[in-house]
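**Q** Residue numbers (the working numbering): 96 to 190. Beta carbons are placed, not taken as given, at the ideal position from N, Cα and C, and that holds for glycine.
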Amino acid sequence: MTVSHHPLRVTGNGRRKPIAKLDHEAIDYRARSQLWRKRSFGSQSDRGERFAERVMTVAHTARKQGKDVLDFIVRSLTACIRGTTPPSLFAATTG
Numbered sequence: 096m097t098v099s100h101h102p103l104r105v106t107g108n109g110r111r112k113p114i115a116k117l118d119h120e121a122i123d124y125r126a127r128s129q130l131w132r133k134r135s136f137g138s139q140s141d142r143g144e145r146f147a148e149r150v151m152t153v154a155h156t157a158r159k160q161g162k163d164v165l166d167f168i169v170r171s172l173t174a175c176i177r178g179t180t181p182p183s184l185f186a187a188t189t190g
């Protein structure tokens with residue numbers, strides 16, 4: 096008997112379909128998101144769920160770029176309140 100080490104996802108019609116291999120970064124991001132949902136009991140609304148997804152995306156991207164997440168969010172909110180240009184998550188391009 097051969098044992099497959101590739102995870103399978105059961106589709107809506109009951110068929111099993113291989114899940115694409117994820118790199119460690121994608122796995123880490125998904126794990127963090129899932130842990131957050133477990134610890135916080137999720138959201139009460141679709142709007143709250145979208146907000147949480149966006150904040151987690153910003154935090155993940157800032158962390159990936161070596162930025163301090165709390166500092167980045169504080170500077171972003173401060174810029175919004177003051178009507179100034181917020182910091183960017185886009186990688187600086189040199190040309």
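Roughly how many angstroms separate the alpha carbons of Gln139 and Arg177, rounded to a whole number?
**A** Position 44 of the sequence shown, counted from the start, is the residue given in the question as residue 139. Position 82 of the sequence shown, counted from the start, is the residue given in the question as residue 177. The alpha-carbon atoms of Gln139 and Arg177 are separated by roughly 30 Å.
**Q** Using the beta-carbon count (16 or more within 10 Å), is Phe185 buried or exposed?
**A** Here the question's residue 185 lines up with position 90 in the sequence shown. Per the 10 Å Cβ criterion, exposed.
**Q** Can you look up Lys162 in the DSSP assignment and give me helix, strand or coil?
**A** What you label residue 162 is simply residue 67 of the sequence shown in a count that begins at 1. Lys162: coil per DSSP, three-state reduction.
**Q** From the DSSP output, in three-state form, read off Ser183 for me.
**A** Along the sequence shown, one-based indexing puts residue 183 at 88. It is coil, neither helix nor strand.
**Q** Beta-carbon within less than 8 Å of Trp131's beta-carbon, same chain only, minus the 5 sequence neighbours each way: which residues are those?
**A** By one-based count along the sequence shown, residue 131 stands at place 36. Around Trp131: Ala147, Met151.
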